[in-house]
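Q:
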Amino acid sequence: MTTAGPADLTQNAVCVLACRDCGTRQTLDPVFCRNCGSTALAWVKIGGNGRIYATTTIHRAPTPAFRPLVPYTLALVDLEGGARIMGHCAPGLAIGNAVHATICDAAGVTLMRFVSAGETR
Ligand SMILES: [Zn+2]
């Protein structure tokens, strides 16, 4: 696994790396803890609820597979479990909105997608 991603979203859970020495949650897939430098990292499930920290709209697809999706919105979300994670975002959501993680299939891959906290898809 190279990035944090959905673990079991039927249970509203997302996987992130947690430092066994200081507890700091890591997104992406670091070799060592960004807080204390420990290499004792382990995958843990945290809840998929959070608030949008930032959004951006993508107008230029990073690969040909994403061209049918543009424009689309990406969001950085502060999850209640202590991690900030990036995912696709339903249109119309803004900074500060309460959201939860879902998954969707697009561009031939499974993507994490954040929707308004009251929605299921
Ligand atoms: Zn640490």
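Using my numbering, read the sequence shown as starting at 42 and increasing by one per residue. The C-beta atom is built at its ideal place from N, Cα and C for all residues, glycine as well. Computed from a predicted structure; not experimentally measured.
(1) Which ranges does the beta strand (DSSP E) cover as unbroken runs of at least 3 residues, wholly within the region 77 to 104, from first to last along the chain?
(2) If you measure from the CB of D62, is any heavy atom of ligand 1 nearer than 7 angstroms?
(3) For T68, which residues in the same chain have their Cβ closer than 7 angstroms to its Cβ, ignoring the five residues on either side in sequence?
(4) What's the C-alpha gap between H100 and T80?
(5) From what residue to what residue does the beta strand (DSSP E) around V72 run?
(6) Taking 7 angstroms as the cut-off, does the CB of C145 come closer than this to any heavy atom belonging to ligand 1?
(7) Could you tell me if the beta carbon of T65 falls within a distance shorter than 7 angstroms of some heavy atom in ligand 2?
(8) Going by alpha carbons, who is nearest to L117 out of R92, G133, A106?
(9) Grab me the residues of A131's own chain with a C-beta within less than 6 angstroms of its C-beta, minus the 5 sequence neighbours each way, in chain order.
A: So, to answer that:
(1) 82 to 88, 90 to 99
(2) yes
(3) A45, V57, A124, R125, I126
(4) 38 angstroms
(5) It is not in any beta strand (DSSP E) - V72 carries neither H nor E in the DSSP assignment.
(6) no
(7) Because ligand 2 does not appear in the structure shown, any question about it cannot be addressed here, the ligands present being ligand 1.
(8) R92
(9) V156
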